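Under the numbering used here, residues 3 to 219 are what the sequence shown spells out, in order.
Reviewing the structure listed below.
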Amino acid sequence: MNILRPDCLSFPDHRAATREGLLALGGDLSVPRLLLAYRSGIFPWTDDPLTWWSPDPRAIFEINSFHPPKRLESKLRRHPFDLTIDRDFRAVIQACAEPQAGRESTWISPRFIDAYTELHRQGHAHSVEVWEAGALVGGIYGVAIQGFFAGESMFHRVTDASKIALCHLMDHLRARKFELFDTQVLSPLTARMGAIEIRRRDYLQRLSTALQSPVRF
3 MNILRPDCLS FPDHRAATRE GLLALGGDLS VPRLLLAYRS GIFPWTDDPL
53 TWWSPDPRAI FEINSFHPPK RLESKLRRHP FDLTIDRDFR AVIQACAEPQ
103 AGRESTWISP RFIDAYTELH RQGHAHSVEV WEAGALVGGI YGVAIQGFFA
153 GESMFHRVTD ASKIALCHLM DHLRARKFEL FDTQVLSPLT ARMGAIEIRR
203 RDYLQRLSTA LQSPVRF
């Protein structure tokens, strides 16, 4: 297994990943390393030990063909949710780290919270918030680099609030002409929302194109 040194900002070739997608251990969560990882099609997943992943296949949302379920569109018309962007990033990532039904623990440790909050402070990580009567009830956060967005995690405290956050984020990315939405590995929820799997080599080609786009979040 490849071990990363804290003083070396390089990653192994993707072909060195295990069948599950594990590529390397170690390193750190500094802003330069995180940005290099995302630009290289790699992402961190656990903290102790710190692991770096490049799965094949890779899960994505097709931004331009994404359509929210009609039930959600109807709910948005009927329900007085307030939707914001980057109003309270740290609150969103902290909520994503909280246990939920069927998920007693998450990979989002305090170390991850601090690292991604710093990414946000430097303009590379963003959040969508869903509010109801002034309370934060749902949200999503991720990393944006040029025309690429990596969705990291989402949460809900009322039914469908995380899905509504995802739909609002997708509208935002489409309006700004983003080209690639990475959701890393397919889950039952993202599959129901329309995520698909593509080969890693195709993903890396699309990532390269998205990183050349001059758009901004």
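Note that beta-carbon positions come from the ideal geometry of N, C-alpha and C, so glycine has one too.
Values in this document were obtained by computation on a predicted structure and should not be read as measured data.
| Check | Outcome |
| --- | --- |
| Closest by C-alpha distance to R218, when choosing among E154, E120 and A127 | A127 |
| Rounded straight-line distance, which links the Cα of K72 to that of L31 | 39 Å |
| From T48, D49 and I44, residue whose alpha carbon lies closest to that of S56 | I44 |
| G28 CB to nearest heavy atom of the ligand FMN below 7 Å | Among the components modelled here there is no ligand, and therefore nothing to report on the ligand FMN. |
| contact_flag[the region 84-99, the region 123-143] where n(CB pairs < 8 Å) is 3 or more | yes |
| Residue ranges of each alpha helix (DSSP H) within the region 45-82, 4 or longer | 72-80 |
| Validate contact between the region 110-117 and the region 193-200 using beta carbons, cut 8 Å, 3 pairs | no |
| Opening and closing residue of the beta strand (DSSP E) in which M156 lies | F150 to H158 |
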